[in-house]
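**Q** In terms of the UniProt record's numbering, the sequence shown opens at residue 1 and continues consecutively.
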Amino acid sequence: MGERLLHQGFNTPMLALGSTYMYPNEAAWRTAVKACGQRIADVGLPEELCPYVCTVTGRGNVSKGVQEILELLPHKRVAPEDLPSLMELSGPERTRQIFICETSWQHMVRRRPGVPSDAPAGTEAAADADAAAAPAAAPAFAADDPLASRDEFHEHPERYESVFHQRVAPYTSALFVCHYWEARFPRTLTVKQTQRLHSEGRLRLSGVCDISCDMRGAVEFLTTFTSIERPFYVWDPATDSSHTDGDIMGAPGILYHAVDHLPSECPLEASQHFGHCLMPFVPALARSSPTAPISALGPDLNNDDEDAAAEEAAAAAGSADFLPAPIRGAVVTACGEMAPQFRYILRLRAAHEAAAHKRVARLRRRESFVTLRLRGHLFDSGAINLVLDAVEAVEGASCDLTSVAVGKSGVHESEAKLSLFAGNPGELSHAVRAVVEAARSKSTRVEVTGGDEDDDALPASPSARAPASPEASPAVPDIDFAAAAAAAAAAHPLGPTGGMSLDATTSDDSGIDAMVAASARHHPTPAGGSAARRPAAGSAAASAAPDSAGGLRSSPPKRILLLGAGMMTKPLLRYLLRRPNNTITVCSGIPGEAAALCAGRPRTFPKDLSISANSMEDQPELRALVASHDIAVSLLPAFLHVSVARQCLAEGRHLVTASYVSDEMATLDEEAKARGILLLNEMGVDPGFDHMSAMRMIAAARDAGERIVGFSSSTGGLPAPEAANNPLGYKFSWSPRGALVAARNAALFVADGARVTVPSAHLLATAKPFRAGRGFALEVLPNRDSCKYASKYGLGEDDTVGTDKAPADGIAGLFRGTLRYAGFSRQLLALAALGLLDAEPAGAGTDPILDAAAAAADGSGAAPSLLEWTASKAGTAADADAVVAAACDKADAVLAEAGSTPLTAEQREQIGVMMRFAGLLDASTPVPVLPADKRSAVDTMAALLGPKPSMNYADNERDMVIMQHTVDTVTPSGERRQRNGLMVEYERDGETAMARTVGLTAAIGAQLILDGAIPLRGVRRPVDPEVYEPVLDGLEDEGISMAETVRTLA
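Following this line, the structure appears as structure tokens:
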């Protein structure tokens, strides 16, 4: 933790502590901890980290051990209900000690509201959803909290919900997870709860030491186990991603320690302790033969009285092979035989191995299916063995154990989900009765819940089955499912997990038959022998309505025309092809590009098609394609969108693009509205996600009654930090020429209530340092005209914002920026100051060196070198040092004109490195010769930089999209607030961050239009809630979202 805090700018006494294994013995590391404590007492901890609250969960030996070490530091114990008061402390009491807070189950959960002690409740998932939706700042430890006994919590955890995120987590600096947890308990801290605390600026948690080590368990963001040599990873709540490789200490998020073999760090003490515990059993182990059969080791462990009596008898008789119960209980196999208490493993293994090969064949034979949940001491009582034996004994029945949650000690129950199959409802009822009898004999509870939620290869329910021929399944009786369901629901209440409980009152066959009829799926096999399949949850087929014949009425096919086949299209195709009724025609002007993209993708059809900006009459093939599809998605260059839009208007088809609305596109608005057509533009990341996330933040501020006084939004498409391996820290993900020309755009924004105009020559000189999170060294450049977004965002009028005509209470700041790594702008400024980014074509003496290079290519004269070209621009001799000095001096002159500080010595050195990297100081390399219409300085620079490997992404390099919004507001009471939003997206699964954020945004917009979910018409941007709300929700489902925080300014 000391090293982590150092990366965040804090020098703490903890920095002097090493890992436990670095000390020779317990005395040494105790001394080190005490020395750290003395330093805390003397100089204190940084004010920003205090009060430093160490929360320890549980009251067992592990918790006591953690607290024993924490008590070596200057400390004060605090009860959970007193945590809020710590925030008011000041002075040495706040900074020169830590605070230890022990929490147990009564501090971490409460009974779900409205649930009496004898009534069932919903599932943990529902409780988690309720908790995530509820205000995170719920009152802590209300006097009337409905708590009950520990026994009731362990018996019925489904009646409880977690409140740790409300009562304890907002005050915790370091969390030590020491309590017992199993899957049926509410999680102590979930991803959504933590993200909400983070977005609200209430997350103080800097580190977690998870000693319980339950993967995705009590703390849901335990995503990977760590090792002693690499004991940490960092989980980022903003992106729900884990940083595990490289130098993670600077990564944003929560430091997580999850080593599940901690005793190995204290080998001497651990060996002594474990050896001491084992010694009483060594004589028995030494006497027992390693070849003795299971039966010779002792009696069954299920009968404690019998076991104790046998132990005494064996001890008296001196039986050589008899093992004490603790050792015998740990024996899994002996002499090739599985111990009785572990024989269920063989059945589990066989069931899982057979499932992959036999599932479809079995489903075709066995057309009735139900899911049972078993709860109790399934394994130590032998109940699971009896249940599996009972199913095997029923002719025509089979089962799969689809999930098992094993209790971790003798006092905790286990839970298993059993998928039960049979040939018809009668056989299924027989199998269920057999399971119930076997389970009751071991005090195991059974619930019948219906089909498996996540299995997409199961028989369909009666209301969605395919028509059957009369002879298809003569053994299936005619059951009135509705009547059976009503009778079963009336007779049998819902169990704790939502199923109908087969309790002791369900003793007669008719009761079980009714419940099976109500919950199971039965499917008479149609002619041909293939059972109908239930569609996967969330798929288009899952929402299809039953037709008049009782089968599924599939949604009508949707035909999508995709124009463009570049890298942005892969995530778009992946998303849209999830719908089985979508078909996509992919068009590209590059021969073979569309075919390569479609290869291996179902329901895609490639088409080589050249598209131009010509009139509609000149492009009949494009018009025919538009007419034969339901929607067009254009990811073509922006200047081609208007031509496509006109075709869409003529044929009555909607259009989605990812580019800015041009003036020409805007002229189509009235016609589109008249024709009932939506031309939805700016559905990418910038523009696109920037608009939508900004509008949501602005709306949230206004909903809170706040007046908006400032807005800024900055975005950058950059290489991930580890891939920024060239002097500029930038890689080309689009046209190299376009990227260089964009650095010469003029800009306009509002600051301190006035407009600020930046001439194109000064743009690179106005870059400012920018902080996004804690892990990036960035700078920001103004991005063109920010004022034209005033009306689009509802922040004023485009032509008056920032002028004396604006309202007195109008917005004082409006800024849109482009993010680059620090140093980018001043390096490019040196090139611009030399004229190397000029776009004017050479010729007529404007650039003699380029003219000479062209002449040399035609055989006239010697080819000039790159150094000669750069020196001619610098006005110096062809000397590398002189050229660099001149470039820096010219850059300083521009900086002075723009009112910026001059170059530092380090920046001058960086400029020289960049110029050498670009080849501009090379005396032996000739100037590249370009076609006459591209013979300009900026084209030449693009030709030099574009092909360089480090200016392009290698296969193993990630890109990054980073975006940050800031909304400054004033509350009705005059309090100043700042709302911040941050999105950082990296390449995932071979899809670049830019491709994901652009492609998925466009895809979600297109699917919403196809579904009829966007009622708007005309030329639109995604600034209306009818668009941005569902699109942002869809992007969040894909893992793309903006983490938001709110803070009060002094």
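Every residue, glycine too, gets a C-beta built ideally from N, C-alpha and C.
Pick helix, strand or coil for residue 1053, following the three-state DSSP scheme.
**A** Because the chain in this structure spans residues 1 to 1050, residue 1053 falls outside the shown range and cannot be described.
**Q** Within a Cβ cutoff of 8 angstroms, which residues of the same chain sit near alanine 251, ignoring the five residues on either side of it in sequence?
**A** Val234, Asp236, His243 and Gly775
**Q** Does the Cβ of cysteine 587 have 16 or more other Cβ atoms within 10 Å, making it buried, or fewer, making it exposed?
**A** buried
**Q** Identify whether proline 340 lies in helix, strand or coil by the three-state DSSP scheme.
**A** Assigned with DSSP and collapsed to three states, proline 340 falls in helix.
**Q** State buried or exposed for glycine 91, treating a residue as buried only when at least 16 other CB atoms are found within 10 Å of its CB.
**A** exposed
**Q** How far does the alpha helix (DSSP H) with arginine 976 in it reach, from first residue to last?
**A** It is not in any alpha helix (DSSP H) - arginine 976 instead sits in the beta strand (DSSP E) that spans 976-986.
**Q** When you compare each of Val1031, Arg744 and Ala887 to leucine 867 by their alpha carbons, which one comes out closest?
**A** Ala887
**Q** DSSP three-state label for proline 807, please.
**A** It is coil, neither helix nor strand.
**Q** Determine the extent of the beta strand (DSSP E) in which aspartate 236 is found, giving its start and end residues.
**A** Segment 232-236, the beta strand (DSSP E) holding aspartate 236.
**Q** To the nearest angstrom, how far is it from the Cα of isoleucine 1009 to the Cα of glutamate 671?
**A** 19 angstroms
**Q** What's the C-alpha gap between proline 13 and isoleucine 962?
**A** 34 angstroms
**Q** As an exercise, report each continuous beta strand (DSSP E) stretch of at least 3 residues that is fully enclosed by the stretch 657-698, in chain order.
**A** The stretch 657-698 is shown to contain whole beta strand (DSSP E) runs of 3 or more residues at 678-680, in chain order.
**Q** Go ahead and label serine 714 buried or exposed: buried means 16 or more other beta carbons lie within 10 angstroms of its beta carbon, across all protein chains shown.
**A** With 16 or more Cβ atoms within 10 Å of its Cβ, serine 714 is classed as buried.
**Q** Which residue wins for smallest C-alpha separation from glutamate 427, given the options Val387, Glu413 and Val370?
**A** Val370
**Q** Would histidine 492 be called buried (16 or more neighbouring beta carbons within 10 Å of its own) or exposed?
**A** Bear in mind that the predicted position of histidine 492 carries a pLDDT of just 42, short of 50, making it unreliable; the figure below should be weighed with that in mind. Burial call: buried.
**Q** Compute the beta-carbon to beta-carbon distance between histidine 629 and isoleucine 560, rounded to the nearest angstrom, for a pair I have assumed lies under 8 angstroms.
**A** 6 angstroms
**Q** Can you tell me the Cα-Cα spacing of arginine 150 and arginine 112, whole angstroms?
**A** 15 angstroms
**Q** Looking only at its chain, what residues have a beta carbon closer than 8 angstroms to the beta carbon of histidine 730, apart from the 5 residues adjacent to it on each side?
**A** What sits at residue 730 in the sequence shown is tyrosine, not histidine. Excluding residues within five positions, the ones whose Cβ falls inside 8 angstroms are Leu718, Pro719, Ala724, Ala739, Arg820, Tyr821, Phe824 and Met951.
**Q** Tyrosine 21 by DSSP, collapsed to three states: which one?
**A** helix
**Q** Check whether the Cβ atoms of leucine 378 and lysine 417 lie closer than 9 angstroms to each other.
**A** no
**Q** Exposed or buried, which one is phenylalanine 639 when buried takes at least 16 other CB atoms within 10 Å?
**A** exposed
**Q** Roughly how many whole angstroms lie between the Cα atoms of alanine 862 and glycine 813?
**A** 55 angstroms
**Q** Just tell me which of Ile911, Asp939 and Gly253 has its CA closest to the CA of glycine 773.
**A** It is Gly253 whose Cα lies nearest to the Cα of glycine 773.
**Q** Exposed or buried, which one is cysteine 399 when buried takes at least 16 other CB atoms within 10 Å?
**A** buried
**Q** According to DSSP, which residues form a beta bridge with serine 713?
**A** Arg816 and His965
**Q** Which residue's Cα is closest to the Cα of arginine 755: Lys768, Asn783, Asn726 and Thr800?
**A** Thr800
**Q** Is it the case that the stretch 272-285 contacts the stretch 33-49, given that we only count it when at least three CB pairs across the two stretches are under 8 angstroms?
**A** Counting Cβ pairs under 8 angstroms, fewer than three are found: no touch.
**Q** Does the Cβ of isoleucine 811 have 16 or more other Cβ atoms within 10 Å, making it buried, or fewer, making it exposed?
**A** buried
**Q** Report the three-state DSSP secondary structure of methionine 1 (helix, strand or coil).
**A** coil
**Q** Given a cut-off of 9 angstroms, decide if serine 760 and alanine 746 are closer than it, judged by their beta-carbon atoms.
**A** Yes, Cβ-Cβ distance for alanine 746 and serine 760 is below 9 angstroms.
**Q** The alpha helix (DSSP H) that contains isoleucine 1004, what's its start and end?
**A** Isoleucine 1004 -> alpha helix (DSSP H) spans 993-1010.
**Q** Could you compute how far the alpha carbon of alanine 28 sits from the alpha carbon of proline 1030?
**A** 58 angstroms
**Q** Restricting to runs no shorter than 3 residues, where is the beta strand (DSSP E) found entirely within the stretch 50-84?
**A** 52-57 and 75-77
**Q** Indicate the three-state DSSP secondary structure (helix, strand or coil) for alanine 334 in the structure shown.
**A** strand
**Q** With DSSP as the reference, label aspartate 608 as helix, strand or coil.
**A** strand
**Q** Give the DSSP-derived three-state secondary structure of asparagine 956 in the structure shown.
**A** In the structure shown, asparagine 956 sits in coil (DSSP, three-state: anything other than H, G, I, E or B).
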